[in-house]
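The listed protein sequences derive, respectively, from chains A and B. Counting in numbering that gives the first Met the number 0, the first sequence runs from 0 upward without gaps. Counting in numbering that gives the first Met the number 0, the second sequence runs from 0 upward without gaps.
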Amino acid sequence: MKRFQGPARRATPLLLALAAAWTGPTGVRAQEPHLRTNAELERALGRLRAERGADLRIVEIGRSAGGAPLSLVRVAGRAGEAPRPALLVVAGAHGPHAVGTEVALALLDSLLAGYGRDSAVTALLDRSVVLVAPRLNPDAAADASRRPLEEPVRNAAPRDDDRDGEVDEDGPDDLDGNGIITWMRIADPAGTWIEDPEDPGLMRPADPARGDRRAWKLMTEGRDDDGDGKWNEDPRGGVDPAANFPHDYEWFGETTGDYPLSAPESRALAELLAGREEIAAVVVLGTRDNLAAPWKAGSEEGRGGGPTDDGDGARDRIREPLERVLAGDAPWFEEISRRYRERTGRTEADSLGAERFGGDPVSWAYYHMGRWAFGSAVWTPPKPEAPGVPEPDDDAEPAAGADFPDAEPVTAAAEEDADAGPASDRKKAAKEDPVAAERRALRWIRANRPGDFVDWRRVEHPDFPDRVVEVGGFVPMARWTPPAAEREEIARGEVEFLIGLAASLPRLALPRLTAESLGDGAWRITARVANEGFLPTRTELAARLGRPRAIRVNVEGTGVEVVGGRRTQSIEDLPGGGAEVELSWVVVGARGRRVTVRAEAPAVGDASAEVELR
Amino acid sequence: MREPTMSGARPGARERRGSIARWLARAAPALAALVAIALARPAGLAAQDASPAGALAGLGAPAAPRVPVSWDRYYDHETLGELGRRLEKAWPDRCRLSSIGRSVEGREIWLITVTDFGTGDPDRKPAMWIDGNIHANEIQGSEIALYTAWYLCEMADRVEWIADLLRDRTFYVVPTINPDGRENFLREPNTPHSPRSGVAPRDDDGDGLFDEDDFDDLDGDGEITQMRRRDPAGRWVTSPVDPRIMVRARPDEPGEWELLGYEGIDNDGDGRVNEDRAGYYDPNRNWPWNWAPAYVESGADIYPTSLPETRAVVDFVIAHPNIAGAQTYHNSGGMILRGPGISRDTVRDADLRVYDVLGERGEEILPGYRYIVIWKDLYTTWGNELDWFYGARGILTFSNELWTPFNYFRVEPERERWDRVEYRFDRYLLFGEAIVPWTPVEHPQYGPIEVGGVKRQYTRAIPGFLLREEAHRNMAFTLYQAHQMPLARVDSVEVRPLPGGLREVRARVSNPRLVPTRTAQDVERGISAPDRVSIEGGRVVAGFRLEDPLSGIAVEQRHRPERIELESIPGMGTAAVKWIVRGDGPFTVTVESTKGGRHSKRSG
């Protein structure tokens, strides 16, 4: 990441302003804003300026549950209105991931500053479009300004989570008066948690088979406000849009909504992607990270759907939803990931903690929408560099552990990601250290930003008068928030990668078109259609979906009849890296007539050429 | 004589019958409305004479319906709404017309709510959801749904069982959840099988153009039938029994005809015919439960609930947790379908037992229909409507495939080489009306051809004279299901003094119907709220759920003991609670069940 070259190197005033606005939770500072407010974001967008002929548009693609606009910024070069491949960058879907929005703004700044100045940026914007949705969950961002501060995850849709007829009546409460909501633990032999012996402060599930004695109940800090025997079971707000997408969707989850795409925010993104086939690739800056650690191909088919054979011969075509990327797509995911790591300096191990989220937009954009889809967590607490600090095995898998006291340990991570080895290995690793991600985060925070972990302190709890109750844990958003001193550099690495990715989109060309006389007014027309971009014209999955559509090739000419070959035909796919395909037709027409060949598809642009019959 | 299994003798049913005077007082506005309707009857609806005096009314039909409807035809979207409006005007205490949303083309998705609006909150009574016509060509579900609303309104004064049903239950009747597709089926030339889709434009052939190569009505008769061309190399021959029938030549037999598919030309010049029609997706694969993308389920459309019609139903059902049973009408084949649509999904055992009782009763009510499972007995379907109803909402749901070839001659038809049961029925009962004879036309690509075959309202839709029976029998099945939906009651409240001035109040609650107040799926997934039994009339010292009403083993509920939660009240079952209370009473005990309704009783 030290090798950065490109327009973002010039720290423009805007970028500096961004860095200043973005303070991050460097401790228990309840009065400071932890992330840019929605108003500040709107002002930042309003300050964007298109110069040197760049085309900048800001549109609203919907409104959040709380009524905040969902902005989409479109940046393109001056070259006309013709359909051009687009890169879509989405940030701020998972509320605590504030850093994504900042990277998105830095990207916009670099593109606008670089157009007409930097040849790479100019070229990419002249042949492609970059779409940026800087904050898909503005309601959560608004929540981040509230005190006490909670992990800002949900949109503002009121929801009767516990179905007791009352809405949002039992959220967390700030028991220790520090202005933030962490966790509370209640000493209770019936509890299923223990304090980790290696990292005091860290809670992990008790494993009675290994001799652990159950010691604590663990839950979010708060009282039973409605007296129903449950704690914090109906907090303010509704759905986490980043968990509300249909692939690997968690039904009946706490923050996943009543059904996939029920939230206006996720819905807006679905409608955007469904309506714009020109979006060739999607990058989501958020909690699902397949850039630090790429998706790998697995067995092609998923799990059972129909009978294989009912004895009368299979009546159904046996097809299953995929759970692993197709073999034809995997190398591209790996290569883009390699480039990402090279640009940013992040490693595969840095995806730790960013695999457990189901219903995420990245997986959906690939598995359901057939797009090249990438996710970057931007930053997770790195392996502490201090010598002598023992580090847990980097390969250990995280599990739904201390961060989600109500979740079942082990299963989520064990079944989840496609990036590790066989499931049994992952399960084993998760069993060995179900809180690997938390452990790493805690060690880093203790070494670098100790205020971001609140040490357990005893409080008096009216609901547990006879028990020891302690409050402590990670400060909200801390684990997604990079250190202030590194933010600019981190954003640069991400921006450089994104610009490189935008330059890698597929794009069509017609490098050669000839007319060969067959005599007596008959001609053979031969065209070469090429993909001059780096990525294939579409994913193998898209070809299976039929969407985005194939490349259409048309031949026409006044006074010319196509007698052999199709006047209109499709090219299903062109591989990446300059692949070509040759097409030919036989036409009849007088010498001097002209024939036009045009190839196009929304996600690859169009190319046309003309040849005279002579 | 009422069917004993459906009667459920209930205390107090008799007292509820009003005097004639009360009835007249209630009916007066409705009678006035009726006059208004009679004066302003819009065109397009058949006028029916009221039953003349001196006639003996047939059973199972209103003698003089306030809203005369001919049940031998298929109504367009506007008329479905108009009939709903008339029912609302004629029966303001029983029927309301509203809309749950709009279709792709902006049509209202009509909702007819039928209940006794004078008793209880309609949105808190256990409710039956009935929809139809999700597949545009599967048209008669709308008439059958509408017939249900009509019958309930028109018969409640005549049949006590219906009056009781409307007092206890709400019916949410949505005649068509694909109004655009319905209009297309009725107004555009179509086959019996088209369109299945709605009409949101889709690029079926991936050429960047939308819906540019639909059918073409070559002979201008408003029907899309088959095309054939005389060709000795063709593999089809004419049946000697009925020259309208094409029969496949045997492998060693010369043929006479080549079949060229449904009427159409190559509109977009890509060499293919009818390959990008209006629509095309399957609205019954667009539901979020078990949804799978198009490489698995080709009709899935772009994402679950991408269609506004799907989403309108989903949001309505989520907003109405009182829905405890559902029916979604399709055609055809004579099936009472239940889920799941894929093998790896399951119906929970306890729910399966209830499904089976309902389904087997359905087979009796609907001769020729089979109660079967979608994935196992029909085919795999991802993201269908009824799996969402059950899986995501815990609602027992059937999908009846209306009309069966059994009904042609009331026997299972046999395969014959030269004849077809629908052609024979056409010859002997419809006198040739159902089939377009082969007619020569000139085809721009194929040259001289002939077109002919089955009209769109045949083979899937029901011949007019049989429609009413089909409607009634299917309605009877849904009413049976609606009757068997849960009904939460407080059976008894007993008070016993305890030493020291406290009292023990014991209440028994029951569900005298087949379906539990919460299905196993509902309980397991925590979809609706638990049932709640609460007490008023004293200060509650402690509250208990009785694990076993006989032995009296009591499990304390420490939080909010005045409102005891029950997971579910089983079908045909009971549950018991008790409180230790300070106070003299009387005590009122109320059971509140999201899907079983609300009922109170006071201690003696």
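Where a beta carbon is used, it is the ideal one built from N, C-alpha and C, also for glycine.
With respect to the beta strand (DSSP E) encompassing residue i, which residues constitute its N-terminal and C-terminal limits?
{"i": "residue 108/B", "result": "107-113"}
{"i": "residue 442/B", "result": "434-442"}
{"i": "residue 341/B", "result": "Residue 341/B -> no beta strand (DSSP E), and no H or E assigned at all."}
{"i": "residue 329/B", "result": "322-330"}
Short of 7 Å in beta carbon distance, which residues of its chain neighbour residue i, apart from the five on each side in sequence? Order them along the chain.
{"i": "residue 232/A", "result": "160, 161, 169"}
{"i": "residue 20/A", "result": "Only weak support exists for where residue 20/A lies, its pLDDT of 43 falling under 50; the value from the coordinates is given anyway. These residues qualify, in order along the chain: 35, 39."}
{"i": "residue 68/B", "result": "82, 149"}
{"i": "residue 262/B", "result": "214, 215, 216, 217, 223, 224, 226, 450"}
{"i": "residue 109/B", "result": "79, 80, 83, 96, 98, 173, 174"}
{"i": "residue 309/B", "result": "282, 285, 286"}
{"i": "residue 347/A", "result": "291, 292"}
{"i": "residue 516/B", "result": "485, 487, 510, 530, 567, 568, 592, 594, 595"}
I need the straight-line Cα distance from residue i to residue j, nearest angstrom please.
{"i": "residue 591/B", "j": "residue 510/B", "result": "12 Å"}
{"i": "residue 220/B", "j": "residue 254/B", "result": "28 Å"}
{"i": "residue 254/A", "j": "residue 125/B", "result": "28 Å"}
{"i": "residue 130/A", "j": "residue 291/B", "result": "28 Å"}
{"i": "residue 222/A", "j": "residue 188/A", "result": "20 Å"}
{"i": "residue 288/B", "j": "residue 538/A", "result": "26 Å"}
{"i": "residue 450/B", "j": "residue 237/B", "result": "14 Å"}
{"i": "residue 249/A", "j": "residue 347/B", "result": "19 Å"}
{"i": "residue 190/B", "j": "residue 434/B", "result": "12 Å"}
{"i": "residue 119/B", "j": "residue 239/A", "result": "37 Å"}
Considering just the uninterrupted stretch of the alpha helix (DSSP H) at residue i, what are its terminal residues?
{"i": "residue 147/B", "result": "139-154"}
{"i": "residue 37/A", "result": "37-46"}
{"i": "residue 112/A", "result": "97-113"}
{"i": "residue 499/A", "result": "486-502"}
Go ahead and pull the three-state DSSP assignment for residue i.
{"i": "residue 581/A", "result": "strand"}
{"i": "residue 558/B", "result": "coil"}
{"i": "residue 227/B", "result": "strand"}
{"i": "residue 124/B", "result": "coil"}
{"i": "residue 609/B", "result": "The requested residue 609/B does not occur in the structure, where chain B is confined to residues 0 to 603."}
{"i": "residue 397/B", "result": "strand"}
{"i": "residue 539/A", "result": "helix"}
{"i": "residue 593/B", "result": "coil"}
{"i": "residue 382/A", "result": "coil"}
{"i": "residue 280/B", "result": "coil"}
{"i": "residue 413/B", "result": "coil"}
{"i": "residue 451/A", "result": "helix"}
{"i": "residue 189/B", "result": "strand"}
Excluding the 5 residues flanking residue i on each side, which residues of the same chain have their C-beta closer than 6 Å to its C-beta?
{"i": "residue 407/B", "result": "420, 424"}
{"i": "residue 74/B", "result": "none"}
{"i": "residue 574/A", "result": "535"}
{"i": "residue 606/B", "result": "Beyond the ends of chain B as shown, which are 0 and 603, falls residue 606/B; an answer cannot be given."}
{"i": "residue 132/A", "result": "71, 89"}
Name the residue from the options whose alpha carbon lies nearest to the alpha carbon of residue i.
{"i": "residue 521/A", "options": "613/A, 38/A, 445/A", "result": "613/A"}
{"i": "residue 172/B", "options": "288/B, 141/B, 479/B", "result": "141/B"}
{"i": "residue 275/A", "options": "609/A, 611/A, 604/A", "result": "604/A"}
{"i": "residue 259/A", "options": "252/A, 482/A, 243/A, 41/A", "result": "243/A"}
{"i": "residue 380/B", "options": "136/B, 252/B, 480/B, 297/B", "result": "297/B"}
{"i": "residue 373/A", "options": "48/A, 180/A, 481/A, 335/A", "result": "335/A"}
{"i": "residue 456/A", "options": "176/A, 154/A, 64/A", "result": "176/A"}
{"i": "residue 495/B", "options": "583/B, 560/B, 528/B", "result": "583/B"}
{"i": "residue 219/A", "options": "199/A, 526/A, 376/A, 474/A", "result": "474/A"}
Leaving aside the five residues before and after residue i along the sequence, list all residues of the same chain whose C-beta is less than 8 Å from its C-beta, in chain order.
{"i": "residue 517/A", "result": "523, 585"}
{"i": "residue 115/B", "result": "92, 93, 155, 162, 165, 166"}
Chain D contacts made by the stretch 247-265 of chain A, where a contact means CB separation under 9 Å:
Of the protein chains in the structure, A and B, none is chain D.
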